[in-house]
Structures are given as C-alpha cells and as structure tokens.
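FYI, in my numbering the residues of the sequence shown are 5 to 261.
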Amino acid sequence: MCAKNDGPGEGAAPSKSEQTRALILETAMRLFRERGYDRTTMRAIATEAGVSVGNAYYYFEGKEHLIQGFYDRIAAEHRLVVREILDRETELEARLAGVLKAWLDIATPYHEFAVQFFKNAADPDSPLSPFSPESEHARSQAIGVHREVLAGSGTKVAPELREMLPELMWLAQMGLVLYWIFDRTEDRARSHRLAERGARITARSVALARFRVLRPLVREVHELFTDFLPGLTKALPDPAKPRRTAPAEHGRPAPLG
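In structure tokens:
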C-alpha cells in the first residue's frame, strides 16, 4: 500500500482507517526517537500501537515507508503553516526567511531522531535519501512551496529561470537542514540565523539574476546539480550499484488487501 500521507479533505473528520494509520505513524516516530531507527522493528511498532502486525504492514509496507509517511506529514504541515507567511509578506527575503524558519520550528520535536536517522538518509542509494525516487512526493511538495515563495514576491524573474530557481532554493534548504542536524546551540539559534542570512543572500542573488549577463551562470549551476543529483531529474540510480533495501524481518506476514 502506498505510504503517501494523503489525509482527509479539509474540514472532514478522519475515518477509522485514517486514525489507525496516523496512530501507527505517531507510534513509529516515538519509538524511532526512543530506541533508534535500526533497533525498532515493525513488530514493536504494532505492539505499541495496539494493532496486529498484519495491520501495521497493511498501512506501511516497512520502516522505510513509515519514514516516507513522516516526510509527507512534515511537508503537508509545512505547507499549511507557511500559508499565513506567504499571504502576508511580499518581499522575497521575508517570504523565504519565514518559510525556512517555519520548517525549523516544525522539525524541532524531531531533532534528536534526525541525528540518529541521518546515517540512513545520507546514503545516496537508500530510498530514505531526500533525492531518491521514493521521496519524490515530499520533495515535490517542498519545491512547490519555494515556487510559491518566488511567484508571490515582487522580484522580477526571467521566464527562463522560473522553473529552475525553486529547485535551487530547495537545495539551499537541504543545506540548512544538514546544518540543523548538527546544530547544538540552544533552540538551534545558529540554524535560525543561518536561515535569515541565507534568505538575504538568496534574495539578492535572485534579484541580480534579472541581468541577462548572469543568467548563463544560474543555468550552469542548475545543470551542475541536475547532472549530479538524480533526484532532481528522471535519471535512474547507477544500475551497476545495487540499491540498498532494509532486510526482511523474521515472520513478516503478507500485507492484507
């Protein structure tokens, strides 16, 4: 079953199925924080959630799908929170700084889990990588936010750069996320300062990109990333290198349905 975290329509009460799915995901996130990702099994998650192992596998095919559910949840919550910022602010710097700091605030409860989990997500062959095909839904949601940041600002952007700039802005956010993971300052204060300064530099760079002489440089930077980060293209992983998958857990039942 797909791990995409599509919730009920706005204003609709969640169904029993959606409640069960949310319970399993919340339980998994708690156990990942308490025990670590590698030491938490699907059986333990099912037991703690009070559901059968078969039910847990019905909603999520494995731990990796739970992480994709987590990615989707963070992305959906972020889109909701930034709505007020994007409706209020018109300057690119303020819009981008608000969006980046909102992500840091949403992710705060998961900081210690992110530290434990990083070694899995950092593996370029892992489906848990933010650049993997499996992460495409959450990645597209995040890039979509940056597209809104840019489109709703008063900054003039050349038509030829409108598609590539949101992807570059998302890559800058990934750099911020990496810094945040290792940030040990109180309340991740340095990460918030980095978000503000990064937004200022990005806004100035985008403004300068309106000059025709600098557009080839922007295109070259974008091509550099799309050539070397397959997650931004439809390129497949290196076929010579087998993809890493989580080992099957002993006694795993077949998914229901």
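The beta-carbon is built from N, C-alpha and C at its ideal position, and this holds for glycine as well.
Quiz item: Under three-state DSSP, which class holds phenylalanine 161?
Solution: As a position in the sequence shown, residue 161 is number 157, starting the count at 1. According to the sequence provided, residue 161 is valine. The question's phenylalanine does not apply to it. Of the three classes helix, strand and coil, the one that applies to valine 161 here is coil, per DSSP.
Quiz item: Apart from the five residues on each side of it in sequence, which residues of its chain come closer than 7 Å, Cβ to Cβ, to glutamate 93?
Solution: Here residue 93 corresponds to residue number 89 of the sequence shown, with the count starting at 1. Result list for glutamate 93: Arg99, Gly102, in chain order.
Quiz item: CA-CA distance, alanine 239 and leucine 132?
Solution: If you number the sequence shown from 1, residue 239 lands on position 235. If you number the sequence shown from 1, residue 132 lands on position 128. The pLDDT assigned to alanine 239 is 37, lower than 50, so where the model puts this residue is not dependable; a value taken from the coordinates is nonetheless given after this. Taking the straight line from one Cα to the other gives about 17 Å.
Quiz item: Just how far apart, CA to CA, sit arginine 188 and leucine 218?
Solution: Locating residue 188 in the sequence shown gives position 184, where the first residue counts as 1. Locating residue 218 in the sequence shown gives position 214, where the first residue counts as 1. The alpha-carbon separation between arginine 188 and leucine 218 amounts to approximately 37 Å.
Practice problem: Spatial neighbours of glutamate 152 within its chain, please: CB distance less than 7 Å, with the 5 preceding and 5 following residues excluded, ordered by chain position. | Solution: Locating residue 152 in the sequence shown gives position 148, where the first residue counts as 1. Cβ neighbours of glutamate 152 within its own chain (closer than 7 Å, five residues either side excluded): Leu90.
Quiz item: Helix, strand or coil for glutamate 68 per DSSP?
Solution: Here residue 68 refers to the residue found at position 64 of the sequence shown. Helix.
Exercise. Could you spell out the range, first to last residue, of the alpha helix (DSSP H) harbouring aspartate 109?
Key: Here residue 109 is taken as the residue at index 105 of the sequence shown, counted from 1. First-last of the alpha helix (DSSP H) with aspartate 109: 96-111.
Quiz item: Quick one, which of Met46, Arg83, Leu175, Leu84 has its alpha-carbon nearest glycine 306's?
Solution: Any property of residue 306 remains undetermined from this structure, which presents the chain solely from 5 to 261.
Self-check item: alanine 79 in three-state terms, based on DSSP
Solution: Position 75 of the sequence shown, counted from the start, is the residue given in the question as residue 79. Helix, per DSSP.
Quiz item: Is it right to say threonine 112 is buried, meaning 16 or more other beta carbons lie within 10 angstroms of its own, or is it exposed?
Solution: Indexing the sequence shown from 1 puts residue 112 at position 108. When all chains shown are included, threonine 112 counts as exposed.
Quiz item: On the premise that threonine 24 lies in contact with valine 55, defined as a C-beta separation below 8 Å, what is that separation, rounded to the nearest angstrom?
Solution: As a first step, residue 55 must be located in the sequence shown, where it is residue number 51. As a first step, residue 24 must be located in the sequence shown, where it is residue number 20. About 7 Å separates the two Cβ atoms, so the contact holds.
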